[in-house]
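Read the structure below first, then the notes.
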Amino acid sequence: MNQAELHRYLVSKEPKIDDAQQLKTYFDLRLATNLSLIKSLFFSLYNEKEYVDQFYVLIDQIETLYGQRSLALQQQDIERLRAGNWYQSEQMVGMQLYVDRFNKNISGLNEKLPYFKDLGINFLHLMPVTNRPAGENDGGYAVNSYHEIDPRYGTKDEFVALTKNARKKGIFLMLDFVVNHTSDEFEWAKKAKAGNAKYQGYYYTYPTRHIPDEFEKTLPEIFPQSAPGNFTYNKEMEKWVMTCFNHYQWDLNYRNPEVFIEMLANLMSLANLGVDVIRFDALAFLWKKLGTQSQNLPEAHALISLFRMCLQVIAPGVILLAEAIVAPRNILKYFGEGMLEGNECEIAYNASLMALLWNSIATKQASLMLKSLTEIPTKPKDATWINYIRCHDDIGLGYDDNFIASMGWDPRAHKEFLLNYYCGKLAWSPAKGLMFMYNPKNGDGRITGSAASLLGLETALAQNNKNIIEYAIAKILMMHGIILTIGGIPMIYAGDEIGTLNDYTFEQDADHVNDNRWVNRPLQDWNTISKLNKTPDSPPTIIFKGLKNMIRIRKDHTVFKDTNNLKIYGCPNPHIFVYKRTEGERNIYILSNFNEVTEKLDIGWLHSIGIQTGKTTIDLLTDHPLELINNELPLKPFQQLWIKNS
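Residues -15 to 630, numbered by my numbering, are exactly what the sequence shown covers, in order.
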């Protein structure tokens, strides 16, 4: 039982909670329920004798922040509590997008809400829209403000209008909380550069290279090509400042409790705009410690849980997503472990599944995915994943080397093969991707490119090869079919729903030329979208209608609600990935062929896992019965089946 369940129990005792006094009473109850945990977490990070006064400041801050939340959002918080784990619903289907690249600005996005309804999308992850530096700003992840809207996107009033309109249409919104760092133009950084010792203490600043050099012995480089090292010298302060990402992104010093208290206020300023889910960016890096990699430390987990316990008191209808692109077993820790199980983040990116899917495309086998997913412990029952194949960022190859070695593969050689496959170094590969941040010291590298280009559509269209075009479309739909059915919230990257190809115009943009991730950040192609009904045989139309059909089927079957009701099967054919979703007596089996030739499954094996083969067993995607040939079920190249025993 986690703390959220206790809060749900409290509101279940009262049939109606809507006036300000009642809402305040339930705030007081939530504070009382979480207070002991907040105290324990706070003093696990900050020495009690030294920081007891700051603890009382925090408690006062929590009450102040609650008072700043609108009555409408306070009422919504109660409704969300009553709804239980609403984020695990089969109705949740997401899309990630850049507001300006999708349709100019916030008002333009507001106009396009019917587009999402048509496709079946009801959850939007909007890339950063708050103030950031001009020029290089890491796509908005260099923060000048946590709540002021950047004028290029519109105004705060326009954003609040968007959130209200979205709520009316049943659309949830997610924004990023850049919790690890600010820009060097943030108000605290400006005061630090002006010589204010208090604000210099909000960051990791040092007068000499002694401590930075000690940190560098164990800190990895995030951007070894564009931002080598982890410290930047600031002439105004005459000090070195920790900058693990880019020289203009200063890491916050959470060893200082004042930083946490002020960042909690910044978190709430974001939530009070009407945001439903807050994505904690780069949260694995939050706590820095000499002699370690300063990633995934126990103190970071305690800090995240402290944020969660305070947020749960102030705004229990708002939940957290962990952006932790780390090793599979480490990702699970961001849901909380031990006493904190279920009390850290409600949602996490399923980065492991994403990377494994791309591995399966390149190797044409599901073997590594099968081994990795079946040997990782089950997530907590109150947690869920965001499943995705592409996002705004690069593709990291964060596989467990032990799993790779157990397959008989050399981990470094296998990583090199994948980089070569996707980045144009193998003549036979149809993938069109770019290498990102290759580190020759250890062979690490990442991959950029749109889903369609990485899956061969760009190559196929250039060759005007009908068969290869069909293969590429089948791969695109198969990959999305898996994230729609495997358990969690599917997140489609804007443009992938119409098979958008790589955008190479970033090479002519001075602000983007050094960051090839912009190859996968194109403008939304509304011209193509306007022609979808007029071009039924075009790849964009086939992909759009295929996705729309899969989303509809997902929403029609409560078996796809995420209740840890997933069973993955060890398939005798290594090219086919098989799993089952179960609800009571109802089962739906998902079969995916990762090979470019037809693969078969024997009727005996199908029966052994519960798949019947009579005329009443249908593929939900086509609404046709299964067709066996010589007591074998054939799966065409990159075909996927959603099998239901009627």
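Beta carbons: idealized from backbone N, C-alpha and C, even for Gly.
In its chain, beyond the 5 residues on either side, 206 have a beta carbon closer than 6 Å to the beta carbon of residue 229. As for any beta strand (DSSP E) of minimum length 3 sitting wholly inside the stretch 425 to 468, the runs are 428 to 432, ordered along the chain. Secondary structure note for residue 628: it is in no alpha helix (DSSP H), and the uninterrupted beta strand (DSSP E) holding it is 624 to 629.
DSSP places residue 580 outside any beta strand (DSSP E), giving it a letter other than H or E. A straight-line Cα-Cα distance of about 31 Å links residue 251 and residue 222. A distance below 7 Å between beta-carbons, with the five flanking residues on each side excluded, links residue 208 to the following residues of its chain, in chain order: 421, 423. Excluding its 5 nearest sequence neighbours in each direction, residue 1 has C-beta neighbours in its own chain below 7 Å: -5, 7, 10, 62, listed in chain order. Between residue 386 and the set 416, 328, 333, 313, the nearest pair of CA atoms involves 313. A direct Cα-Cα distance of roughly 30 Å separates residue 465 from residue 88. In the DSSP assignment, residue 333 forms a beta bridge with 370.
Residues of the same chain with a CB within less than 6 Å of the CB of residue 266, apart from the 5 flanking positions on each side, are 164 in chain order. Bridge pairing for residue 233: 167 [DSSP]. A direct Cα-to-Cα measurement between residue 619 and residue 316 gives close to 33 Å.
In summary, residue 134 is buried, with 16 or more beta-carbon neighbours lying within 10 Å of its beta-carbon over all protein chains present. Here residue 577 is buried: its Cβ has 16 or more other Cβ atoms, across all protein chains shown, within 10 Å. Taking one beta carbon from each stretch, the stretch 39 to 55 and the stretch 512 to 524 have fewer than 3 pairs nearer than 8 Å; the two do not touch. In this structure, the alpha-carbon of residue 454 lies about 15 Å from that of residue 435. Contiguous beta strand (DSSP E) elements confined to the stretch 283 to 336 occur at 303 to 306, 331 to 333, taking only those with 3 or more residues.
Annotated three-state conformation of residue 116 is coil, per DSSP. Nearest in C-alpha terms to residue -2, of all of 13, -15, 510, is 13.
The stretch 344 to 360 and the stretch 266 to 285 do not touch, with fewer than three beta-carbon pairs separated by less than 8 Å.
It is roughly 16 Å from the alpha-carbon of residue 110 to the alpha-carbon of residue 331.
Straight across, the Cα-Cα distance linking residue 4 with residue 66 is about 18 Å. Between residue 365 and residue 72, the C-beta spacing is not below 7 Å. Per DSSP, the continuous alpha helix (DSSP H) segment holding residue 195 begins and ends at 194 to 200. For residue 18, the closest alpha carbon among the candidates 200, 297, 509, 579 is that of 297. The beta carbon of residue 476 sits closer than 6 Å to the beta carbons of 79 from its chain, once the five residues preceding and following it are set aside; these are given in chain order.
A straight line joining the alpha-carbon of residue 484 with that of residue 189 spans about 44 Å. Distance from the CA atom of residue 463 to the CA atom of residue 341, rounded to whole angstroms, is 7 Å. Around the beta carbon of residue 396, fewer than 16 other beta carbons sit within 10 angstroms, so the residue counts as exposed.
Counting C-beta atoms within 10 angstroms of its own C-beta, residue 562 has 16 or more neighbours from the protein chains shown and is therefore classed as buried. DSSP, reduced to helix, strand and coil, places residue 570 within a strand of the structure shown. Judged by DSSP in its simplified three-state form, residue 595 adopts coil rather than helix or strand. Here the C-alpha atom of residue 493 lies approximately 19 Å from the C-alpha atom of residue 509. Distance from the CA of residue 217 to the CA of residue 231, rounded to the nearest whole angstrom, comes to 9 Å. Contact annotation: the stretch 178 to 198 does not touch the stretch 123 to 142, with fewer than three C-beta pairs closer than 8 Å.
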